[in-house]
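Under numbering that gives the first Met the number 0, think of the first position of the sequence shown as 0, with each following residue one higher.
Here a beta-carbon is modelled for each residue, glycine too, at the ideal position from N, C-alpha and C.
For reference, the structure discussed in these notes is given below.
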Amino acid sequence: MYWISTNFKQQFLDLSPTFFRGERFEAFLGAFAKPLQTLADTTLYQMQHDSTVIYLEKVLNESLQIATYNPSSHIATRQVYIIDTAQAPKTYIYQTGENQPLYLGTVYLDREETTTADFIIKIPASVSFDELKLRAVVNFYKLAGKKYIIEIY
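This is the structure we're talking about:
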């Protein structure tokens, strides 16, 4: 799929009558085109990135404005990275007819909330950031229901 960015100011100029085209009219059209261009570029960027780890790392490195980060050599230059956490073993409960080893009968399960996270975001101590803005970016791109922890190393 090809991602095409449109230059709205040029489009507006091309569609306007030739006798209107002047410096003042071009500035007038630019005032209308700038917000539309910003919205289109932001939407295009958000469409190109999703919740996969490599894209989430790329978005975080770019949003924190890491000076040494180069998107073309992501693995070598990334400063912010994501690691998976060890997941707790799951206990499965079976019905009586399944003849499996664990059947609880009428015993109720405790709904013990665990605070384990699904992934950890590692950020270097040399990077200054606003945690609320960082959480907003991560919450936009991560999968729903996934929990995370931000750690500074």
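Taking one beta carbon from each stretch, the stretch 44 to 52 and the stretch 66 to 76 have fewer than 3 pairs nearer than 8 Å; the two do not touch.
Take the alpha-carbon of N138 and the one of T17: they are about 47 Å apart. The C-beta distance from K146 to A124 rounds to 23 Å, too long to meet the 8 Å contact threshold. Bridge partners of K121 according to DSSP: Y80, E150.
By the Cβ criterion, the stretch 57 to 65 is in contact with the stretch 77 to 86, since at least three pairs of Cβ atoms, one from each stretch, lie closer than 8 Å. Per DSSP, L63 lies in no alpha helix (DSSP H) and is assigned neither H nor E.
About 17 Å separates the Cβ atoms of K132 and E150, ruling out a contact at the 8 Å cut-off. DSSP places L55 within a helical segment (H, G or I) once states are collapsed to three. DSSP, reduced to helix, strand and coil, places D40 within a helical segment of the structure shown. DSSP places D13 in the helix class (H, G or I) of the three-state scheme.
CA-CA distance, R20 to G29, rounds to 12 Å.
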